[in-house]
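*Asks:* What follows is a structure written as structure tokens; I'll ask about it next.
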Amino acid sequence: MKIGCPKEIKNNEFRVGLTPNTAHAYVQAGHSVFIESGAGLGSALPDCEYEAAGCTILKTAAEVWSAADMIVKVKEPLKQEYDLMKEGQLIFTYFHFAADRELLDVCLKKKIISEAYETVEENHTLPLLKPMSEVAGRMSALMGSYYLSKHYCGRGILPCGVTGVSPAQVLILGGGTVGANAAKTAAGLGANVTVCDLNLARLEFLSEILPSNVTCLYSDPLTVKTALKKADIVIGAVLIPGAKAPKLVTKEDLKTMQSGAVMVDVAIDQGGCFETSRPTTHSDPVYTVDNIIHYCVANMPGAYARTSTFALNNATLPYGLQLAAKGIKKACKENTALLTGLNTYDGFITYEPVAQAFGLEKLYMPPLKALDL
Ligand SMILES: NC(=O)c1ccc[n+]([C@@H]2O[C@H](COP(=O)([O-])OP(=O)(O)OC[C@H]3O[C@@H](n4cnc5c(N)ncnc54)[C@H](O)[C@@H]3O)[C@@H](O)[C@H]2O)c1
6 MKIGCPKEIK NNEFRVGLTP NTAHAYVQAG HSVFIESGAG LGSALPDCEY EAAGCTILKT
66 AAEVWSAADM IVKVKEPLKQ EYDLMKEGQL IFTYFHFAAD RELLDVCLKK KIISEAYETV
126 EENHTLPLLK PMSEVAGRMS ALMGSYYLSK HYCGRGILPC GVTGVSPAQV LILGGGTVGA
186 NAAKTAAGLG ANVTVCDLNL ARLEFLSEIL PSNVTCLYSD PLTVKTALKK ADIVIGAVLI
246 PGAKAPKLVT KEDLKTMQSG AVMVDVAIDQ GGCFETSRPT THSDPVYTVD NIIHYCVANM
306 PGAYARTSTF ALNNATLPYG LQLAAKGIKK ACKENTALLT GLNTYDGFIT YEPVAQAFGL
366 EKLYMPPLKA LDL
């Protein structure tokens, strides 16, 4: 198969869909790989590394889209890319259709085969979302620590403490992928960490794997309110799949907190789990409410593009290789994870929640039927 990887054009997006290593794996499997010149530069991956891996470098995005049967990228196609998409082309990337009716209409009109990272589901987990939660989780502890410094109006507490002086208190709401990774990083820094979650089995698991400076507590409202009063850093990491994040910290609660504490709302992409959260950007990441610093960047992994690129590629490669070797029909038939990832095919919506999001049930066709399997 001919595989194409264009440069990402979304504002401040520095990740890339293929690394030289993953591109090499496609080449080794007998495929041709076309990379847009400069596609990897944001992740410190120069063209020469792709050439050494056996790829063909093409000057423009248009040439890459035109040469490829399957496009592998990171973010959803943007308006400037709509005209480049070929009828019936297979695109393997994040789509987030429920938030983008125009893109959905274009994919339906062009009969695009959209294999969406965010809905590939295996054993009740979303393996192509998980690596980004890992990055954001680990980063949240670092960002919280950074903004705790006095010159950012934080409490001026060194998270790890020093001899004879207490470390910071870190409270993490939600102990899933983000929460566990935040806890691991904060604990590694030497902070005293508390993780709250509603899922007892998850709490049991976290208690077993995390070090002794992490306490795992059941997340009832009183426990959260009590822990908030002592916290120097609060990390919001809850998720109710498909729903808006529950507001676990109210504006009133801020008045009970220590002045200069830092709140990092990782769940901001689902609306945020603090009442006072609003989305921020890497260029202007924090604001203050009642002397509490809020960090609410909605695309945290973008800050560490190279790490995120490698983490994403490690997760997407096995699925991409199956798509390339077998084609969409056989790959979906033999792997239900890829079947759940199929969002549009032959002018139909093949992922029901996307159809429901726009009241387009008449355009929904179950993926097995659409693929005639
Ligand atoms: N801002 C970013 O750049 C970024 C990056 C990656 C992920 N995220 C977001 O981070 C959030 C968490 O992602 P995840 O992968 O860790 O999800 P996850 O499903 O692995 O974990 C969520 C956890 O929240 C717990 N939970 C639900 N309601 C709760 C409550 N009321 N109190 C305490 N715990 C509760 C669940 O039991 C679960 O363990 C999601 O909204 C995700 O989209 C944001």
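Note that the sequence shown covers residues 6 to 378 in our numbering. Ideal Cβ placement from N, Cα and C applies to all residues, glycine included.
According to DSSP, which residues form a beta bridge with Val267?
*Replies:* Paired residue(s): Ile238 and Ile298.
*Asks:* What ranges does the alpha helix (DSSP H) occupy inside the stretch 27–61, keeping only unbroken runs of at least 4 residues that lie completely in it?
*Replies:* Runs of the alpha helix (DSSP H) inside the stretch 27–61: 52–57.
*Asks:* Taking 8 Å as the threshold, find out whether the stretch 152–169 comes into contact with the stretch 246–262 through three or more Cβ pairs.
*Replies:* No, they do not touch.
*Asks:* From which residue to which residue does the alpha helix (DSSP H) around Phe210 run?
*Replies:* From DSSP, the alpha helix (DSSP H) with Phe210 extends over Leu205 to Ile214.
*Asks:* Return the residue from the list Ala28, Ala192 and Gly346 that minimises the CA-CA distance to Gly142.
*Replies:* Nearest option by C-alpha distance: Ala192.
*Asks:* Could you give the uninterrupted runs of the alpha helix (DSSP H) lying entirely in the stretch 313–365, keeping only those of 4 residues or more?
*Replies:* Counting whole runs of 4 or more residues, the stretch 313–365 contains the alpha helix (DSSP H) stretches 341–346 and 357–362.
*Asks:* Given the structure, does Gly45 come close to ligand 1, in the sense that its CB is under 6 Å from one of the ligand's heavy atoms?
*Replies:* Answer for Gly45: no, Cβ out of range of ligand 1.
*Asks:* Between Met268 and ligand 1, is there a pair consisting of the residue's CB and a ligand heavy atom that are separated by less than 6 Å?
*Replies:* Met268: no, Cβ never under 6 Å from ligand 1.
*Asks:* If I measure Cβ to Cβ from Leu365 and keep anything under 7 Å in the same chain, skipping five residues before and after, which residues do I get?
*Replies:* For Leu365, where only same-chain residues beyond five positions count, the Cβ hits under 7 Å are Ile354.
*Asks:* Use the C-beta contact count for Cys53: other C-beta atoms within 10 angstroms, 16 or more gives buried, fewer gives exposed.
*Replies:* Exposed: under 16 other Cβ atoms inside 10 Å.
*Asks:* I'd like the span of the beta strand (DSSP E) that includes Tyr223, first residue to last.
*Replies:* Residues Val219 to Tyr223.
*Asks:* Of the choices Val219, Phe97 and Ile8, whose alpha-carbon is the least far from that of Leu133?
*Replies:* Among Val219, Phe97 and Ile8, the Cα nearest to that of Leu133 is on Phe97.
*Asks:* Just the C-alpha distance for Asn128 and Gly184, rounded to the nearest angstrom, thanks.
*Replies:* Cα to Cα, Asn128 sits roughly 20 Å from Gly184.
*Asks:* Does the stretch 282–302 come within contact of the stretch 26–39, defined as at least 3 CB pairs closer than 8 Å?
*Replies:* No, the stretch 282–302 is not in contact with the stretch 26–39.
*Asks:* Beta-carbon within less than 6 Å of Ser138's beta-carbon, same chain only, minus the 5 sequence neighbours each way: which residues are those?
*Replies:* Excluding residues within five positions, the ones whose Cβ falls inside 6 Å are Thr182 and Val183.
*Asks:* Taking the C-alpha atoms as reference points, what is the distance between Ser71 and Thr124?
*Replies:* Their Cα atoms are separated by approximately 26 Å.
*Asks:* Would you tell me roughly how many angstroms separate the C-alpha atoms of Ile118 and Val239, rounded to the nearest one?
*Replies:* Their Cα atoms are separated by approximately 41 Å.
*Asks:* Tell me which residue opens and which closes the beta strand (DSSP E) that Leu89 is part of.
*Replies:* Note, Leu89: premise wrong, no beta strand (DSSP E); not H, not E.
*Asks:* Do you know how far the Cα of Asn319 is from the Cα of Thr199?
*Replies:* Cα to Cα, Thr199 sits roughly 31 Å from Asn319.
*Asks:* Rounded to whole angstroms, what is the Cα-Cα separation between Pro371 and Ala360?
*Replies:* If I take the Cα positions, the gap works out to 11 Å.
*Asks:* Cβ atoms of Val69 and Gly9: under 7 Å apart, would you say?
*Replies:* Cβ distance < 7 Å, so Gly9 and Val69 count as in contact.
*Asks:* Within its chain, find whatever has a CB closer than 6 Å to the CB of Leu194; leave out the 5 residues flanking it on each side and keep chain order.
*Replies:* Counting only Cβ-Cβ distances below 6 Å, and skipping sequence neighbours, we find Pro164 and Cys165.
*Asks:* Determine, using beta carbons only, whether Glu120 and Leu326 come nearer to each other than 7 Å.
*Replies:* In this structure, Leu326 does not lie closer than 7 Å to Glu120 by Cβ.
*Asks:* Do Gly241 and Cys278 have their C-beta atoms within less than 7 Å of each other?
*Replies:* Going by C-beta atoms, Gly241 is nearer than 7 Å to Cys278.
*Asks:* Going by the C-beta, is Ser313 closer than 6 Å to any heavy atom of ligand 1?
*Replies:* Ser313: no, Cβ never under 6 Å from ligand 1.
*Asks:* Helix or strand or just coil, what does DSSP make of Gly193?
*Replies:* Helix at Gly193.
*Asks:* What I want to know is whether the C-beta of Met148 ends up closer than 6 Å to one or more non-hydrogen atoms of ligand 1.
*Replies:* Outside the cutoff, so no.
*Asks:* Using three-state DSSP, classify Cys278 as helix, strand or coil.
*Replies:* Three-state DSSP puts Cys278 in coil, outside helix and strand.
*Asks:* Leu215: which of Leu203, Lys189, Gln94 and Ser224 sits nearest, CA to CA?
*Replies:* Measuring from the Cα of Leu215, the nearest candidate turns out to be Lys189.
*Asks:* Return the bridge partner residues of Gly1 from the DSSP annotation.
*Replies:* Given that the chain is displayed from residue 6 to residue 378, the structure contains no residue 1 and the question cannot be resolved.
*Asks:* Contact check, Ile162 vs Ala173 under 8 Å by CB: the rounded distance?
*Replies:* Ile162 to Ala173, Cβ: 5 Å. Contact.
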